[in-house]
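Residue numbers (our numbering): 128 to 284. Note that the Cβ used here is the ideal one computed from N, Cα and C, for glycine as well. In this text the structure is predicted, and so the values were computed from the model without any measurement. Data block below; observations after.
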């Protein structure tokens, strides 16, 4: 009896396999074709803040940060000039600015470049590092005048 069951089981298995080979292939599932989505250019710095004419250093810090944040990421052999020019373009007074050199005393790019804009007794001070990072602060102007101590670059352009 055992032989009959084994034979019947084997015959059933062969029949199932034979019939499944005769079945029509499954219809391919349609792949979703990606529809192009419009690209949206988002400025990581957000919209340009307004220059506050007659305002204080604190009033104008958002624009200072916005302009210098962008300028700091711009690769240039003269990043100090790029920083200064970007501030002038958005409304800051070039005559109120001080800037440290873009080149060190050894002829290499400066590890940091510092720029300032004086507003009465306060100063906006921005610092761009060699790795293109940027930071800023508002500080009191120096009693001797200006905002920066040490070597300053002549602004003659």
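For this session: With a cut-off of 8 Å on the beta carbons, I'd call residue 278 and residue 228 a contact; round off their distance for me.
Result: 6 Å
For this session: Consult DSSP for residue 231 and reduce its assignment to one of helix, strand or coil.
Result: coil
For this session: Report back the beta-carbon spacing between residue 244 and residue 191 to the nearest angstrom; my notes put them in contact at under 8 Å.
Result: 7 Å
Exercise. If you measure from the CB of residue 198, is any heavy atom of the ligand NAD nearer than 7 Å?
Worked result: Looking at this structure, you won't find the ligand NAD or any other ligand, since it has none at all.
Exercise. Would the segment 251-258 and the segment 191-205 be scored as touching if the rule is three or more Cβ pairs under 8 Å?
Worked result: Taking a contact to require three or more Cβ pairs closer than 8 Å, the segment 251-258 and the segment 191-205 qualify as touching.
Exercise. For residue 175, is the classification buried or exposed, using 16 other Cβ atoms within 10 angstroms of its Cβ as the cut-off for buried?
Worked result: exposed
For this session: Could you please give me the residues that DSSP links to residue 256 through a beta bridge?
Result: 239
Exercise. Quick one, are the C-beta atoms of residue 211 and residue 239 less than 8 Å apart?
Worked result: no
For this session: Would you give the residue range spanned by the alpha helix (DSSP H) that residue 214 belongs to?
Result: Going by DSSP, residue 214 is part of the alpha helix (DSSP H) stretching over 206-216.
Exercise. From the DSSP output, which residues share a beta bridge with residue 261?
Worked result: 255
Exercise. In whole angstroms, what is the alpha-carbon distance linking residue 170 and residue 208?
Worked result: 23 Å
Problem set entry | Three-state secondary structure (DSSP) of residue 271 | coil
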